[in-house]
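Residue numbering for the sequence shown follows this note's numbering, beginning at 20 and increasing consecutively. Read through the structure below, which is laid out as structure tokens, and then see the notes.
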Amino acid sequence: MELIDAIYGRRAVRDYTPQEVSRATIEELIDAAVHAPTALDEQPWVFAVIQGKGLLQDYSDRAKAHFLATFNPGNDPHAMRRDQLVDARYNLFYNAGTLLVIFAEPNRHFAPVDCCLAAENLMLAAHAKGLATCPVGFAQSWFDLPEIKTEIRVAQELTAVIPLIVGYPAKTPGAVPRKKPEVIFSA
Ligand SMILES: Cc1cc2nc3c(=O)[nH]c(=O)nc-3n(C[C@H](O)[C@H](O)[C@H](O)COP(=O)(O)O)c2cc1C
């Protein structure tokens, strides 16, 4: 696939087939991810891989319960998504079987930027291989909780940047129209 086709063809997919993603494929995707550029060549990331639909359903249920229990109307990033949190059918990970969470190392000024560049590489590589992905920002703060980092064997000093589900697409949505960006050419 041409790179330009991957850029324009990638979609956030929210419906996956039961086919599992092999460890070899995940390793290939992570290899593509780490070819992203990084500030000062720091490569300041750690990839947590969580697999199993049952486990991800459990994480979704627990993350939703946590957000509802700590819900603070008026000052909560999840406030506008409260309807989804109370809907038992809503799975944060859309029944995908694989989740990668990219964590940033501490004391690296551009680490979150570097991790996001890696995430885009990974999503484009996945698309080129016939896989699909969706970033799940909704779950980011949950994976940053100390007890969840312990559970998934991630060091406490790391910061969760972006969870990404990966799987084989059952249904691919159409492209979301882009707003015309404000572009300012100076002189
Ligand atoms: C940082 C980030 C967080 C996102 N979080 C979620 C999420 O929690 N749940 C979800 O369904 N989609 C999430 N998305 C996917 C966006 O909704 C999607 O990328 C956007 O609607 C554009 O669609 P496209 O990716 O198919 O072009 C997220 C995307 C980004 C970049």
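All C-beta atoms in this analysis are idealised placements derived from N, C-alpha and C, irrespective of residue type, glycine included.
Can you give the Cα-Cα distance for residue i and residue j, rounded to whole angstroms?
i: residue 76; j: residue 177; result: 24 Å
i: residue 34; j: residue 206; result: 46 Å
i: residue 199; j: residue 170; result: 43 Å
i: residue 46; j: residue 145; result: 11 Å
For residue i versus residue j, is the C-beta spacing smaller than 9 Å?
i: residue 31; j: residue 141; result: no
i: residue 110; j: residue 160; result: no
i: residue 22; j: residue 143; result: yes
i: residue 84; j: residue 158; result: no
Residues in the same chain with beta-carbon distance under 7 Å from residue i, minus the five sequence neighbours each way, listed in chain order, please.
i: residue 173; result: 65, 67 and 122
i: residue 70; result: 116 and 117
Compare the C-alpha of residue i against each of the options and name the closest.
i: residue 105; options: 94, 88, 112 and 118; result: 88
i: residue 168; options: 120, 128, 145 and 42; result: 120
i: residue 27; options: 197, 203 and 202; result: 197
i: residue 131; options: 83, 204 and 181; result: 181
i: residue 156; options: 90, 179, 91 and 136; result: 179
Which residues in the same chain have their Cβ closer than 8 Å to the Cβ of residue i, if we skip the five residues on either side of it in sequence?
i: residue 150; result: 40, 44, 48, 185, 186, 187 and 188
Return the first residue and the last residue of the beta strand (DSSP E) that residue i is part of.
i: residue 105; result: It is not in any beta strand (DSSP E) - residue 105 instead sits in the alpha helix (DSSP H) that spans 101-105.
i: residue 165; result: Counting along the chain, residue 165 falls outside any beta strand (DSSP E), though it belongs to the alpha helix (DSSP H) covering 165-170.
i: residue 70; result: 64-70
Could you spell out where the alpha helix (DSSP H) holding residue i opens and where it closes?
i: residue 138; result: 130-147
i: residue 45; result: 42-52
Just to confirm my understanding: we take residue i, look at its own chain, exclude 5 residues before and 5 after, and list those with CB closer than 6 Å. What are they?
i: residue 115; result: 35, 184 and 186
i: residue 57; result: 133
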